[in-house]
Ligand SMILES: NC(=O)c1ccc[n+]([C@@H]2O[C@H](COP(=O)([O-])OP(=O)(O)OC[C@H]3O[C@@H](n4cnc5c(N)ncnc54)[C@H](OP(=O)(O)O)[C@@H]3O)[C@@H](O)[C@H]2O)c1
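In my numbering, the protein residues as written are 130 to 422.
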C-alpha cells in the first residue's frame with residue numbers, strides 16, 4: 130500500500146515509517162519543513178509538504194494514498210483544547226478525502242478515553258464521551274467520519290517510551306531537572322499505562338493491514354505503573370530527592386502537567402492482542418527510565 134503518514138517526522142511516526150517500509154509498503158509522509166522532507170527521503174519515504182492546519186494539504190495527501198495513518202499533533206499544551214479541536218478538523222478532512230472507498234484511516238487517541246470512570250480499567254470497546262480529557266474530540270470526530278461510511282479505526286496510546294522520550298513522563302523528567310526534586314501527588318499510587326515505541330509502531334502497521342472498520346485498539350504493554358515508581362526512578366537517576374506533594378502544591382510544581390498529576394488511568398490491551406495477534410516485546414518503562422542520565 131502507499132500510506133500517507135501524518136506526524137511522520139515525530140517520535141512515533143518516525144518509527145512507523147521504517148516499520149511500514151520494512152513490510153513492503155510505500156510511505157508518503159506529511160512534513161512542514163525542509164529538514165523534515167530530507168529526513169523522510171533519507172528514511173526511504175516520499176515527502177508531502179503541508180500542515181495539519183492546512184486542510185487542503187491533508188486532503189491532497191490522503192487522495193494520493195491507499196490508506197492514512199494520522200499521528201501529527203501540536204503538543205503546545207498551553208492551547209491543548211484548541212489543538213484537540215484542530216485535530217478533529219484534520220480527521221474530518223482526511224475522512225472526506227477517503228469517502229466512497231474502503232481505504233483505511235487510522236487516527237490516534239489516548240487510552241484514557243476507554244475508561245468509564247476514574248481508575249477504572251480502560252478497554253477497547255468502551256468510549257467515554259464525557260472523559261475529562263479534551264482529546265476525546267479526536268474520537269468524536271472519528272465516530273462522525275465513520276458514520277459517513279469511512280473505514281476508520283482508532284489507536285489509543287499510553288505513555289510511549291524509549292530511553293530518551295516517554296510521553297508525559299518526558300516532562301516529569303524535565304521538571305525534576307529544573308526544580309531539583311522528583312515529585313508525585315499524594316501517595317503516588319495512581320497508575321499510567323505504557324508501551325515501547327517499536328511495539329507501538331508495529332501495532333499501527335497491524336491495524337493498517339488487519340484492522341476492522343470502527344474498531345479501537347490499545348497499544349498497551351504495561352497496564353499501569355504507579356506514578357510514585359516513576360518518580361522514584363527519575364529521582365535516583367537524576368540524583369535528586371523524591372517528594373510527595375499535597376494537592377495545593379501541584380499547580381506551582383507541575384504547571385500545565387498538573388492537569389494529569391492525579392489521573393489514575395490503567396488500561397488493558399487484551400482485545401487488541403486477541404484480535405490482531407499483537408505481542409509487545411520491548412523493554413518496560415522503568416527499564417528505559419533506568420537509562421536516564
Ligand atoms: N508519545 C506519547 O507517549 C503519546 C501518548 C498519547 C498520545 N500520543 C499521540 O500520538 C501522536 C504522536 O505523538 P508523538 O509523541 O510522536 O508526537 P511528536 O514527537 O510531538 O510528533 C508530532 C508530529 O506532529 C507533527 N506536527 C506538529 N504540528 C504540526 C503541524 N502544524 N503540521 C504538520 N505536522 C505537525 C510534527 O511535525 P514536525 O516534525 O514538523 O514538528 C511531528 O511529526 C500524537 O497524536 C500524540 O498526541 C502520544
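Just so you know, even glycine gets a beta-carbon here, dropped at the ideal spot from N, CA and C.
Taking the alpha carbon of residue i as the point to measure from, which residue in the options has its own alpha carbon closest?
i	options	result
residue 193	159, 269 and 420	159
residue 134	348, 163 and 178	178
residue 245	238, 236, 149 and 255	255
residue 204	314, 300, 382 and 132	300
residue 333	365, 284, 136 and 313	284
residue 355	376, 392, 400 and 365	392
residue 230	172, 275 and 306	275
residue 331	397, 174, 165 and 146	146
residue 238	208, 277 and 281	281
residue 77	341, 308, 252 and 173	The structure shown has nothing for residue 77, since the chain only spans 130 to 422.
residue 161	358, 214, 225 and 182	182
residue 343	304, 317, 278 and 411	278
residue 251	201, 358 and 349	349
residue 214	259, 270 and 403	270
residue 226	186, 313 and 286	186
So residue i packs on residue j, CB below 8 Å; how close in whole Å?
i	j	result
residue 346	residue 414	Actually they are not in contact, since the Cβ atoms of residue 346 and residue 414 sit about 19 Å apart, beyond 8 Å.
residue 421	residue 302	7 Å
residue 360	residue 371	5 Å
residue 409	residue 290	Going by Cβ atoms, the distance from residue 409 to residue 290 rounds to 12 Å, so no, they are not a contact pair.
residue 272	residue 234	With a Cβ gap of about 12 Å, residue 272 and residue 234 do not count as contacting.
residue 266	residue 217	4 Å
residue 353	residue 321	7 Å
residue 329	residue 141	6 Å
At what residues does the beta strand (DSSP E) containing residue i begin and finish?
i	result
residue 374	371 to 374
residue 237	234 to 239
residue 154	Looking at the DSSP string, residue 154 is not in any beta strand (DSSP E), and its letter there is neither H nor E.
residue 312	311 to 314
residue 396	Counting along the chain, residue 396 falls outside any beta strand (DSSP E), and DSSP gives it neither H nor E.
Could you spell out the range, first to last residue, of the alpha helix (DSSP H) harbouring residue i?
i	result
residue 135	That residue, residue 135, is in no alpha helix (DSSP H); its beta strand (DSSP E) goes 131 to 135.
residue 147	142 to 151
residue 165	163 to 171
residue 402	399 to 405
residue 303	297 to 308
residue 360	356 to 367
Does DSSP put residue i in a helix, a strand or coil?
i	result
residue 288	strand
residue 349	coil
residue 422	coil
residue 277	coil
residue 390	coil
residue 381	helix
residue 267	helix
residue 437	Since the displayed the chain opens at 130 and closes at 422, residue 437 lies outside it and no answer follows.
residue 324	strand
residue 255	coil
residue 283	strand
Query - In chain order, each beta strand (DSSP E) run of at least 3 residues that lies wholly inside the region 175 to 229 - result: 175 to 178 and 196 to 199
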